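Residue numbers (the numbering used here), protein chains in the order written: chain X, 50 to 535; chain L, 50 to 535. Structure first, then comments.
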């Protein structure tokens with residue numbers, strides 16, 4: 050049969066591939082049959098005015114697709130249909146199993162969404178930010194920013210954060226800093242630097258799922274430390290250290306998901322316990338700048354130079370730009386820097402430069418003041434609505450951050466309630482997402498920072514109504530004699 | 050004594066911290082002595098017009114610094130000097146040991162630097178790039194870009210790369226894509242998705258150190274597959290599979306460090322061997338767009354749908370922006386996406402959007418043509434200079450990419466030669482950086498893409514002179530009767 054492909058020399062699709070696709074179509078359409086012999090490569094090359102290697106490459110393509118079969122000295126033949134399908138690998142055997150205890154999925158089609166601990170994009174100061182980007186893009190430094198950099202991070206940003214931290218008393222002479230892709234990567238690198246499979250790690254319970262799943266994937270054994278109104282509870286922490294925890298991951302300010310803050314007077318005691326246990330303390334400090342009243346507590350890192358401090362621009366500025374940092378004693382930074390280089394060479398340069406400009410220009414401070422002022426209004430709305438509509442629930446109003454934890458009345462379940470809430474246009478995350486070892490479905494997290502005060506009030510009002518309905522049907526069931534017993 | 054700190058209410062340093070620093074200074078300067086009692090918190094608060102909790106927090110700070118000691122019911126006392134120092138943790142015991150076989154360090158103070166496999170920033174089309182950034186920054190999408198995104202990557206970029214790959218025949222219906230922070234993170238995520246400690250992994254030898262160190266850190270056992278003029282050698286690959294390798298990491302085009310490309314006719318055979326061994330093939334494809342002559346070879350991924358393909362903008366565009374991808378069957382992408390979320394939530398949004406605009410606007414194509422045209426000139430300079438000055442060495446001229454491998458004359462050593470080269474203002478990386486299990490110091494890598502043709506010629510001329518000198522002194526030593534024997 051005639052082989053007359055229309056090949057395009059100018060196409061970005063290579064010629065051999067164009068020829069291969071053409072031949073494949075002839076086979077699939079039955080114009081070439083099983084057992085048919087293809088023309089020898091030299092002959093077809095001459096006929097089509099192509100390089101012989103082009104034709105060979107096209108034949109190779111068809112052969113590995115199982116469409117033709119080359120026989121030494123005899124040429125290439127079209128295969129039977131059944132030989133044509135390539136076996137997929139057994140991926141379920143090849144891939145490491147997931148150790149994550151469920152991933153968080155918020156529904157996006159509800160009108161009032163309390164599921165995500167993130168800032169409101171309505172507050173983003175786009176004009177200020179654009180101006181900072183413009184300055185960076187027009188700066189003489191742009192060429193260097195687009196070139197490969199140091200795994201430690203963009204040097205001017207490192208210096209800015211380190212100076213800032215020294216002024217605040219969080220950085221000492223013995224400390225150094227590594228820029229990471231947000232706080233999540235900071236946790237991931239520290240996990241690699243500190244944890245062997247089977248190691249015991251103390252985490253808060255309820256806990257941020259990104260911490261829990263990360264350490265579970267690494268084969269660590271997690272010990273949940275109860276979080277109460279004053280943050281992690283000391284008796285529970287003591288048990289974790291007695292059980293052998295050598296690492297503590299803690300968010301002392303406005304913890305996610307509870308919103309709890311550890312009071313100043315308990316902080317030295319926590320550090321003394323960790324020191325006595327020889328444990329490493331990782332202080333997740335990404336929310337503390339979001340204090341809606343003046344925060345008179347020291348960072349753990351200010352109290353003890355051994356603490357590893359994690360910071361980030363994601364909560365106070367823009368989560369879509371992945372820039373955070375680890376501030377820690379030099380030996381720790383040396384090791385995580387090595388791991389950072391293996392992970393992804395270094396953090397994106399442009400975002401580091403944009404955020405530095407944003408901070409240095411004063412725009413970050415202005416933005417933060419604005420975020421805190423609106424946050425105060427949001428928190429007030431949470432407070433008022435909880436008092437008014439959730440009188441049957443238990444909660445502690447946080448003093449900052451993005452989240453509040455609500456404990457439901459006895460016998461109610463946050464998972465069943467969620468289904469009803471979603472139907473009513475409201476969503477939140479039930480306790481199980483934040484569980485380490487206890488069942489937490491009598492509670493739920495409301496992330497309020499992304500919503501307007503009016504949405505917060507409306508959403509909590511709807512939840513309050515659903516909770517009262519659920520309580521009534523619970524009480525009905527309890528008081529009604531079971532028919533079967535009559 | 051009088052306690053009269055000058056406190057600044059407007060400072061970003063909290064009051065308790067200011068007070069703490071002031072008291073610390075009094076103690077360190079000897080104005081407060083060991084055993085002195087500090088005023089009760091209530092009294093000092095009244096005296097200074099401060100909140101009592103502020104004074105308490107300052108005392109807590111001093112206490113955890115070991116400067117004062119609180120005694121229940123008796124007040125706080127200044128400690129003896131020796132109690133003041135906080136013990137640093139034993140970090141060398143707490144940190145996981147490094148498994149990396151040496152990190153690559155190029156010297157930066159030589160005038161002709163062949164050490165880094167990166168593009169020349171002189172070629173960066175800054176005006177085109179600025180224009181693309183401006184469009185993104187002024188677009189209506191900016192707010193969304195600055196908000197938290199999907200771990201899978203920026204959807205329009207995913208779609209762009211997937212469509213492009215489908216047109217080239219590298220993406221099938223059964224494939225999906227994950228955006229990563231460059232190719233290094235792609236390798237890191239696949240390492241986590243595929244490798245258990247003790248697993249055997251076949252890698253090229255000489256190998257890119259970022260691959261080797263990553264898999265060593267994961268506790269994998271590496272099997273080096275020899276790279277010759279036609280890329281990995283089939284007999285060596287067969288031995289690796291016989292020894293139990295279940296993963297092969299390979300750079301079929303312009304391999305780093307050798308520059309070798311696997312010819313089209315060998316590719317189906319490599320895939321057949323991997324299939325027979327049930328091994329996963331990871332195709333590192335970051336250099337193949339840098340073909341200085343038309344490249345008539347199919348990607349492995351075009352020949353076998355099971356192949357995992359890695360791409361990146363780093364080599365063809367800007368390494369400082371960390372954007373790459375994994376193109377693979379859906380089960381693989383599902384698993385690495387989960388790991389990506391644990392690693393750093395998602396890749397930086399702005400860089401993804403900038404690079405998409407850069408690609409869609411046609412600027413990437415224009416840039417690539419320019420890079421290839423200048424690369425051709427650079428390669429010509431390499432070819433001419435090697436023929437002229439390195440006649441005693443062995444090398445294979447690559448057809449693209451950024452690197453060439455030079456084997457030194459018998460008896461010469463690339464490490465000793467490097468010291469002389471650095472003194473003469475030239476640097477390169479000796480073979481040991483690329484070694485898996487063999488000694489490779491009879492060879493070296495020249496990364497030429499970042500240099501001008503004139504620098505390439507000059508640098509190779511200097512190397513040639515040093516090599517001839519070293520050969521002469523080698524021959525002198527060999528021909529001269531040893532005095533001790535006379």
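C-beta: ideal position from N, C-alpha, C; glycine also. Just so it is clear, the structure is predicted and the values come from calculations on it, not from any experiment.
Per-residue contacts from residue 233 of chain X into chain L (C-beta, under 9 Å)
In the first chain, residue 233 of chain X corresponds to position 184, counting from 1. Neighbours of residue 233 of chain X on chain L, chain order: 390, 391, 392, 393, 394.
Taking the alpha carbon of residue 244 of chain X as the point to measure from, which residue in X:300, X:296, X:446 has its own alpha carbon closest?
Along the first chain, read from residue 1 onward, the residue named residue 244 of chain X stands at position 195. Cα-wise, what sits closest to residue 244 of chain X is X:296.
Can you find the residues in the same chain that come closer than 6 Å, C-beta to C-beta, to residue 370 of chain X, ignoring five residues on each side of it along the sequence?
Position 321 of the first chain, counting from 1, holds the residue named residue 370 of chain X. Contacts found: 400.
Residue 340 of chain X - DSSP class collapsed to helix/strand/coil:
For the purposes of this step, residue 340 of chain X is taken as residue 291 along the first chain, with counting starting at 1. Looking at residue 340 of chain X - three-state DSSP - the assignment turns out to be strand.
Alpha carbon to alpha carbon, how far is residue 142 of chain X from residue 64 of chain X? Give it in angstroms, no decimals.
Here the question's residue 64 of chain X lines up with position 15 in the first chain. Here the question's residue 142 of chain X lines up with position 93 in the first chain. If you draw a straight line from the Cα of residue 64 of chain X to the Cα of residue 142 of chain X, it comes to about 37 Å.
List the residues of chain L whose Cβ lies closer than 9 Å to the Cβ of residue 536 of chain X, in chain order.
Absent from the structure is residue 536 of chain X, since the part of chain X shown begins at 50 and ends at 535.
Within the continuous alpha helix (DSSP H) that includes residue 257 of chain X, where are the two ends?
As a working note, residue 257 of chain X is residue 208 in the first chain. Run containing residue 257 of chain X: none; DSSP gives neither H nor E here.
Out of L:219, L:444, L:313, which has the shortest C-alpha to C-alpha gap to residue 458 of chain L?
Here residue 458 of chain L corresponds to residue number 409 of the second chain, with the count starting at 1. Of L:219, L:444, L:313, the residue nearest in Cα terms is L:444.
Along the chain, where does the alpha helix (DSSP H) that runs through residue 503 of chain X open and close?
Mapped onto the first chain, residue 503 of chain X falls at position 454. Per DSSP, residue 503 of chain X belongs to the alpha helix (DSSP H) from 502-528.
From the beta carbon of residue 387 of chain X, is the nearest beta carbon of chain L less than 7 Å away?
Stepping through the first chain from its first residue, residue 387 of chain X is reached at position 338. Yes, residue 387 of chain X lies at the interface with chain L (some Cβ there is under 7 Å from its Cβ).
Is residue 389 of chain L near residue 205 of chain L, with beta carbons less than 7 Å apart?
Working through the second chain from its first residue, we reach residue 389 of chain L at position 340. Working through the second chain from its first residue, we reach residue 205 of chain L at position 156. It is not a contact, given that the beta carbons lie outside the stated cut-off.
If I follow the unbroken alpha helix (DSSP H) through residue 438 of chain X, where does it start and stop?
Here residue 438 of chain X refers to the residue found at position 389 when the first chain is read from its first residue. Here the alpha helix (DSSP H) through residue 438 of chain X covers 412-438.
Can you list, in chain order, the residues of its chain with a C-beta nearer than 6 Å to that of residue 517 of chain X? Leave out the 5 residues immediately preceding and following it.
Position 468 of the first chain holds residue 517 of chain X. If the five residues before and after residue 517 of chain X are omitted, its C-beta is found closer than 6 Å to no C-beta atom of its own chain.
On the criterion of 16 or more Cβ atoms from any shown chain inside 10 Å, does residue 480 of chain L qualify as buried, or is it exposed?
One-based indexing of the second chain puts residue 480 of chain L at position 431. By the C-beta density criterion, residue 480 of chain L is buried, having at least 16 other C-beta atoms within 10 angstroms.
Do residue 354 of chain L and residue 221 of chain L come within 7 Å of each other at the CB atom, strictly closer than that value?
Translated into the one-based positions of the second chain, residue 221 of chain L becomes position 172. Translated into the one-based positions of the second chain, residue 354 of chain L becomes position 305. Inclusion of residue 221 of chain L and residue 354 of chain L in the CB contact set at 7 Å is warranted, their separation being smaller than that value.
Give the interface partners of residue 367 of chain X over in chain L, defined as CB-CB distance under 7 Å, in chain order.
Locating residue 367 of chain X in the first chain gives position 318, where the first residue counts as 1. Per Cβ cutoff of 7 Å: 195.
Does the segment 425-438 of chain L come within contact of the segment 461-480 of chain L, defined as at least 3 CB pairs closer than 8 Å?
Touching, no, given that fewer than three Cβ pairs across the two stretches are closer than 8 Å.
Excluding the 5 residues preceding and the 5 following residue 521 of chain L in the sequence, name in chain order all residues of the same chain whose CB lies nearer than 7 Å to its CB.
Taking the second chain and counting its residues from 1, the one referred to as residue 521 of chain L is at position 472. None.
Between residue 117 of chain L and residue 271 of chain X, what straight-line distance do the alpha-carbon atoms span, to the nearest angstrom?
Counted from its first residue, the second chain places residue 117 of chain L at position 68. Counted from its first residue, the first chain places residue 271 of chain X at position 222. Approximately 36 Å, taken between the alpha carbons.
Mind pulling the beta strand (DSSP E) runs of 3 or more residues that sit fully within the segment 341-374 of chain X?
Runs found: 357-361.
Span separating the alpha-carbon of residue 76 of chain L from that of residue 83 of chain L:
Mapped onto the second chain, residue 76 of chain L falls at position 27. Mapped onto the second chain, residue 83 of chain L falls at position 34. Near 8 Å, if we compare the C-alpha coordinates of residue 83 of chain L and residue 76 of chain L.
Suppose contacts are defined by Cβ-Cβ distances below 7 Å. Is residue 169 of chain X in contact with residue 499 of chain X by that definition?
Position 120 of the first chain, counted from the first residue, corresponds to residue 169 of chain X. Position 450 of the first chain, counted from the first residue, corresponds to residue 499 of chain X. Taking C-beta atoms as the reference points, residue 169 of chain X and residue 499 of chain X count as a pair closer than 7 Å.
Please list the partners that residue 262 of chain X has in chain L, where partner means a Cβ-to-Cβ separation under 7 Å.
By one-based count along the first chain, residue 262 of chain X stands at place 213. Below the 7 Å Cβ cutoff, chain L contributes 391 as neighbours of residue 262 of chain X, in chain order.
Closest by CA to residue 303 of chain L, which one among L:216, L:68, L:232, L:447?
As a position in the second chain, residue 303 of chain L is number 254, starting the count at 1. Of L:216, L:68, L:232, L:447, the residue nearest in Cα terms is L:447.
Note down, in chain order, all residues in the segment 345-364 of chain X with a beta-carbon under 8 Å from any beta-carbon belonging to chain L.
Listed in sequence order: 345, 346, 347, 351, 352, 353, 354, 355, 363.
Determine the chain X residues that contact residue 314 of chain L at a beta-carbon separation under 7 Å, and present them in chain order.
Here residue 314 of chain L refers to the residue found at position 265 of the second chain. Taking a Cβ-Cβ cut-off of 7 Å, the neighbours of residue 314 of chain L in chain X comprise 105, 109, given in sequence order.
What first and last residue would you give for the beta strand (DSSP E) that runs through residue 494 of chain L?
The count along the second chain starts at 1 and reaches residue 494 of chain L at position 445. Per DSSP, residue 494 of chain L belongs to the beta strand (DSSP E) from 492-496.
Starting from residue 62 of chain L, find everything on chain X with Cβ-Cβ shorter than 9 Å and list it in chain order.
Numbered from 1 along the second chain, position 13 holds the residue referred to as residue 62 of chain L. Under the 9 Å cutoff, chain X gives 216, 217, 218.
Could you tell me the alpha carbon to alpha carbon distance between residue 182 of chain L and residue 421 of chain X, rounded to whole angstroms?
Looking up residue 182 of chain L in the second chain gives position 133. Looking up residue 421 of chain X in the first chain gives position 372. Spanning the two alpha carbons is a distance of roughly 30 Å.
Whether residue 375 of chain X touches residue 227 of chain X by CB criterion (7 Å)
Against the first chain, residue 375 of chain X aligns to sequence position 326. Against the first chain, residue 227 of chain X aligns to sequence position 178. For residue 375 of chain X and residue 227 of chain X, yes; Cβs fall inside 7 Å.
Residue-level contact to chain X via CB, residue 143 of chain L, 7 Å cutoff:
Indexing the second chain from 1 puts residue 143 of chain L at position 94. Yes, residue 143 of chain L lies at the interface with chain X (some Cβ there is under 7 Å from its Cβ).
Grab the span of the beta strand (DSSP E) containing residue 229 of chain X for me, first residue to last.
As a working mapping, residue 229 of chain X is identified with position 180 in the first chain. Counting along the chain, the beta strand (DSSP E) containing residue 229 of chain X begins and ends at 224-229.
Could you list the residues in the segment 110-128 of chain L with a C-beta less than 9 Å from some C-beta on chain X, going in chain order?
So the close ones are 110, 112, 113, 114.
Under 8 Å: do the segment 405-415 of chain L and the segment 329-340 of chain L share three or more Cβ pairs, one atom per stretch?
Here the segment 405-415 of chain L makes no contact with the segment 329-340 of chain L; the two share fewer than three CB pairs at distances below 8 Å.
List, in chain order, every chain X residue whose beta-carbon is nearer than 9 Å to that of residue 241 of chain L.
On the second chain, position 192 is the one that residue 241 of chain L refers to. Residues of chain X passing the Cβ test: 145, 266.
Please list the segments of the beta strand (DSSP E) lying wholly inside the segment 185-239 of chain X, counting only runs of 3 or more residues, in order along the chain.
The qualifying runs are 224-229.
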